[in-house]
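Note sheet for the following structure.
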Amino acid sequence: MADKLAIVTGASTGIGFELASIAAEQGYDLIVVADEPLIDAAAQDFRSHGVEVQSIEADLSMIEGVDELLRVSADVLGLAHQTTVQLQDRSRAAAAKLVNLAGRQRMLSQRLA
């Protein structure tokens, strides 16, 4: 296990895939997320760099997807990672809609209350 962790969304194809590949090449363990089954094949590619990879097939526009990412992140971060980065590939969304995971969870929690 590396002491560095990168969380990459949209990691199954395109820019997100390339960001995750670069992070893996630089020795980051990964949590990779996408809303399609291709994420598992992408995770296999990232593992070829000798890093640990957790893949999540989830739609982060839904609270269930965010909850799953938060659950996996908490489990992985409970291990000894000292450096964590988050790389978001949201090329299909307007920039004004981007928020970090904590902000998104807070927003969704307030809406549900």
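Numbering (the working numbering), first residue to last: 4 to 116.
Note that the Cβ used here is the ideal one computed from N, Cα and C, for glycine as well.
Remember, it's a predicted structure, so these values are computed and weren't measured experimentally.
Sorted by chain position, which residues of the same chain lie with C-beta nearer than 8 Å to residue i's C-beta, five sequence neighbours on each side aside?
i      : result
Asp-62 : Asp-38 and Gly-68
Leu-23 : The residue you asked about is not Leu; residue 23 is Ala in the sequence shown. Excluding residues within five positions, the ones whose Cβ falls inside 8 Å are Ala-9, Val-11, Ala-14, Leu-33, Val-35, Ala-45, Phe-49 and Leu-90.
I believe residue i touches residue j by the beta-carbon criterion, under 8 Å. Please report the beta-carbon distance rounded to the nearest angstrom.
i       : j      : result
Val-79  : Ile-59 : Not a contact, Cβ separation roughly 11 Å.
His-203 : Ala-27 : Outside the modelled stretch of the chain, which goes from 4 to 116, sits residue 203, for which no answer is possible.
Let me know if residue i comes out buried or exposed under the rule of 16 or more other beta-carbons within 10 Å of its beta-carbon.
i      : result
Gly-30 : exposed
Asp-48 : exposed
Asp-32 : buried
Ala-97 : With a pLDDT of 46 at Ala-97, under the threshold of 50, the modelled position of that residue is not reliable, and the figure given next carries that caveat. Exposed.
Per the DSSP calculation, residue i is bridged to which residue(s)?
i      : result
Glu-60 : Ala-37
Among residues of its own chain, excluding the 5 on either side of residue i, which ones have a beta-carbon nearer than 7 Å to its beta-carbon?
i      : result
Phe-20 : Ala-14 and Ala-45
Leu-41 : Ser-15 and Thr-16
Leu-72 : Val-36, Ile-59, Ala-61, Leu-63 and Leu-104
Val-54 : Ala-5, Ala-27, Gly-30, Tyr-31, Asp-32 and Leu-33
Once you ignore the five residues that flank residue i on each side, which residues in its own chain have a CB closer than 6 Å to its CB?
i      : result
Val-56 : Leu-33, Ala-46, Phe-49 and Arg-50
Asp-43 : Ser-58
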